[in-house]
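Student: Numbering (this note's numbering), first residue to last: 1 to 157.
Have a look at this one:
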């Protein structure tokens with residue numbers, strides 16, 4: 001069995017035990033010191049916790065969904081790694097600047113990353129990714145991008 005997993009489960013169990021003991025003590029103290037209003041206060045706390053849970057669930061579901069061929073307009077600079085086409089070249093770390101555009105090429109949901117094409121970027125310093133470079137970006141680093149869903153290119157009339 002994995003030692004790290006066992007240690008994590010034991011630590012979480014201990015924290016949960018402390019929380020349960022603290023909540024029981026707080027409820028007992030509330031019922032002793034404010035017997036008439038204890039149920040109303042507990043009901044209000046439960047409503048507050050339920051509302052916080054709903055807000056957290058809404059925030060978790062509000063993740064952007066990317067599709068291949070989407071155009072992303074960045075709201076803050078993002079660090080990316082270039083994808084090299086031959087084995088002799090090295091991958092470099094570069095920056096895609098604020099308000100610049102990335103074209104999504106491929107999604108890797110298992111690793112939480114996406115492969116994209118730099119369609120526009122600041123080129124004043126070598127730190128920035130060159131235009132036309134294929135880069136890999138962690139999806140968690142993309143905060144509030146503007147997503148434009150483009151139609152796939154079709155050949156023919």
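Glycine included, C-beta positions come from ideal geometry on N, C-alpha and C.
(1) In chain order, which beta strand (DSSP E) runs of at least 3 residues are fully inside the region 49 to 122?
(2) Within its chain, find whatever has a CB closer than 8 Å to the CB of residue 41; leave out the 5 residues flanking it on each side and keep chain order.
(3) On the CB-based measure, 16 or more other CB atoms within 10 Å of its CB, does residue 156 come out buried or exposed?
(4) Does the region 46 to 55 touch the region 118 to 126, meaning 3 or more C-beta pairs lie closer than 8 Å?
(5) Where DSSP assigns a beta bridge to residue 32, which residues make up the other side?
(6) My output table needs one value for residue 131: the three-state DSSP class, helix, strand or coil.
(7) Taking residue 89 and residue 81 to be in contact with their CB atoms under 8 Å, please state how far apart those CB atoms are, rounded to whole angstroms.
(8) Would you check if the region 103 to 123 and the region 7 to 27 touch, i.e. whether three or more CB-CB distances between them fall below 8 Å?
Tutor: Walking through what the data contain:
(1) Counting only runs of 3 or more, we get 71 to 73, 78 to 82, 93 to 96, 101 to 108 and 113 to 118.
(2) Numbered from 1 along the chain shown, position 41 holds the residue referred to as residue 41. Taking residue 41 as the centre and dropping the five residues before and after it, the same chain places the C-beta of 30 and 34 closer than 8 Å to its C-beta, in chain order.
(3) The residue you call residue 156 lines up with position 156 of the chain shown. At residue 156 the pLDDT is 46, less than 50, meaning the model places this residue with poor confidence; the figure from the coordinates comes in the next sentence. With fewer than 16 other beta carbons inside 10 angstroms of its own, residue 156 counts as exposed.
(4) Contact between the region 118 to 126 and the region 46 to 55 is not established, with fewer than three Cβ pairs separated by less than 8 Å.
(5) Translated into the one-based positions of the chain shown, residue 32 becomes position 32. BP columns for residue 32 are empty, so no partner.
(6) Stepping through the chain shown from its first residue, residue 131 is reached at position 131. Residue state, collapsed to three classes: coil.
(7) Looking up residue 89 in the chain shown gives position 89. Looking up residue 81 in the chain shown gives position 81. In fact, because the Cβ distance is near 12 Å, the residues do not count as touching under 8 Å.
(8) Note that the region 7 to 27 does not touch the region 103 to 123; fewer than 3 beta-carbon pairs, one per stretch, sit closer than 8 Å.
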